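Engineer:
Numbering (our numbering), first residue to last: 7 to 396.
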C-alpha cells in the first residue's frame, strides 16, 4: 500500500510472475554538486550517474516538453512548477490550485495535451478542497500554459470522496497515440466499489476529449461508461507501453500483493470485499479475472512508473522502471518480445542516501528523472548514462 505517513519494515520481496496566476521571476540554478560517482547496472553493463537536479516540495507527477522543460506537481501546495533544462527553477508557480493534501490526497497527476505544442494545454489531477456542505473531490482539470504562466483553469470531471477516506485516491493520467485520456483511480478505501461497475472508483478509465468535454471513449467495454478495466484497489500510476500501446498500471495491495498489471478492456483485476492475500479464493470465481504480470508477495508501495522510451541507452530501451514508497528503491523491468511477460527485475544502485519514492519521467535527451521525499528534504534526481565516447 502507499501511505504517506508510514513506512513498512524491511521484508524480502518475491517475484512470482481557486487559481492563482503570478508574475514570473526566474531564480538562479542551484550550485553544482561534486561529480557523482559512476554506478553500474550489472545486468546490462550500463554505467551511469545519479545527481540531484533540484530541490522540490513533494514532487508527484512530472512531464517534459519537447524543448526540455520539466513541469512537476507539488502534492501538498497545489503548485505546478517548471524547471529549465539547466536546472533553473522559475520562482513563481505556473499555476496554483486549492488542494486538500491530506495523506494520499493532493495534486497528483499531470500530462501534456496531445496538441500541447499548438495549444499549450496541460492536464492535471488533484483533490479539490471540500466545504461544510460538500466532500473533497478528485478532479481532472486542464489549463493553458504560455511562457511559464498558467491561465483558464477548467474542471472537466469530478468524483467526490463520499467515503470521507484519506487514502486510495489514485492516480495519474496519460494520453495514448489516438488522443484518448486514461485515468487511474483508487477504491476510496471501499473495496465494494472495485467490483461495482455502476461506481467509478477502483478502475482505469478511458475518455475521448470531444468539444471540450470528457466522454466515455468509443469502443469502451461497458455501455455508456468510461470504465476500461476494474477491480483495482490503489492504482497510483499508469504508463503506456511504447511498443504495444497497452496500458500498464501499478497496484498496491492491503499488506501483500503489490502488482504490475496490463489493463485490458473489460477485465477484472481481482480486488474486492472478500480479497485475502494472494486472493486465490476470491478470484477463482471471477470469470473475467486477469492476473498480474508481476506480483510482490510483500507490500512495498509501488509508486512511479515509466517506460524508457529512448535510444540514449539502447540496453534499456523500452524497459519499464518503477519506484517504491516504502524503501525508495528504483527497479528496471525487462519485458519479453510479446510485451506481456516480465523476464526479470533488477534493482538499480542509486548511491549514497539517494532514494526513489515518487514518480518518474524520461527527458528528451534520454535522462531518467525521479522524485523523492523524506526527512523534510524533497528532491528530483537525474540518472544519465556515462559518456565514454571520448
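Glycine included, every Cβ here is placed at the ideal spot set by N, Cα and C. Since the model is a prediction, treat every value here as computed from it, not as a measurement.
(1) Would residue 192 and residue 208 be called neighbours here (beta carbons separated by less than 8 Å)?
(2) Around the C-beta of residue 34, are 16 or more other C-beta atoms found within 10 angstroms, so that it is buried, or is it exposed?
(3) What would DSSP say about residue 200, mapped onto helix, strand or coil?
(4) According to DSSP, simplified to helix, strand and coil, what is residue 122?
(5) Tell me which residues share the same chain as residue 350 and place their Cβ nearer than 6 Å to its Cβ, disregarding the 5 neighbours each side in the sequence.
(6) Once DSSP output is grouped into helix, strand and coil, what is the label at residue 277?
(7) From which residue to which residue does the beta strand (DSSP E) around residue 294 run?
(8) Quick one: measure Cβ to Cβ for residue 45 and residue 355, integer angstroms, because I've assumed they're closer than 8 Å.
(9) Could you compute how far the alpha carbon of residue 104 sits from the alpha carbon of residue 133?
(10) Could you give the first and the last residue of the continuous beta strand (DSSP E) run that contains residue 352?
(11) Please classify residue 226 as buried or exposed, where buried requires at least 16 neighbouring CB atoms within 10 angstroms.
(12) If we ignore side chains and look at the alpha-carbon of each, how far apart do residue 277 and residue 259 end up?
(13) Thinking just about the alpha-carbon of each residue, which of 378, 392, 238 is nearest to the one in residue 62?
(14) Could you check if residue 392 is buried or exposed, using at least 16 other CB atoms within 10 Å of its CB as the buried criterion?
(15) Could you confirm whether any beta carbon from chain B is found closer than 8 Å to the beta carbon of residue 172?
(16) Looking at residue 274: is its Cβ nearer than 8 Å to the Cβ of residue 176?
(17) Quick one: what's residue 149 bridged to in DSSP?
Structural biologist: Here's the rundown:
(1) Taking the first residue of the chain shown as position 1, residue 192 is located at position 186. Taking the first residue of the chain shown as position 1, residue 208 is located at position 202. A contact, by the Cβ cut-off of 8 Å.
(2) Position 28 of the chain shown, counted from the start, is the residue given in the question as residue 34. Note that residue 34 scores 40 on pLDDT, short of 50, meaning its location in the model is unreliable; the coordinates nonetheless yield the value given after this. By the 10 Å Cβ count, residue 34 comes out exposed.
(3) The count along the chain shown starts at 1 and reaches residue 200 at position 194. It is helical.
(4) Taking the first residue of the chain shown as position 1, residue 122 is located at position 116. DSSP places residue 122 in helix when its eight states are reduced to three.
(5) Taking the chain shown and counting its residues from 1, one reaches residue 350 at position 344. If we look at residue 350 and ignore the five residues flanking it on each side, its Cβ neighbours are 340.
(6) Start at 1 with the first residue of the chain shown, and residue 277 comes out as number 271. Coil, per DSSP.
(7) Locating residue 294 in the chain shown gives position 288, where the first residue counts as 1. Here residue 294 belongs to no beta strand (DSSP E), and DSSP marks it neither H nor E.
(8) For the purposes of this step, residue 45 is identified with residue 39 of the chain shown, where counting begins at 1. For the purposes of this step, residue 355 is identified with residue 349 of the chain shown, where counting begins at 1. Between residue 45 and residue 355, the beta carbon gap of about 5 Å places them in contact (Cβ cut-off 8 Å).
(9) Stepping through the chain shown from its first residue, residue 104 is reached at position 98. Stepping through the chain shown from its first residue, residue 133 is reached at position 127. Roughly 8 Å separates the two Cα atoms.
(10) The residue labelled residue 352 in the question sits at position 346 within the chain shown. Residues 348 to 354.
(11) Numbered from its first residue, the chain shown carries residue 226 at position 220. Residue 226 is buried by the Cβ-count criterion.
(12) On the chain shown, residue 277 is found 271 positions in, with the first residue counted as 1. On the chain shown, residue 259 is found 253 positions in, with the first residue counted as 1. Using only the alpha carbons, I get a separation of about 8 Å.
(13) Against the chain shown, residue 62 aligns to sequence position 56. When each option's Cα is compared against that of residue 62, the closest is 378.
(14) In the chain shown, residue 392 corresponds to position 386, counting from 1. By the neighbour-count rule (16 or more Cβ atoms within 10 Å), residue 392 is not buried but exposed.
(15) Reference to chain B is not applicable here, since this structure consists of a single protein chain.
(16) Here residue 274 refers to the residue found at position 268 of the chain shown. Here residue 176 refers to the residue found at position 170 of the chain shown. No, Cβ-Cβ distance for residue 274 and residue 176 is not below 8 Å.
(17) Within the chain shown, numbered from 1, the residue matching residue 149 stands at position 143. DSSP, once it has assigned bridges, lists 128 as partnering residue 149.
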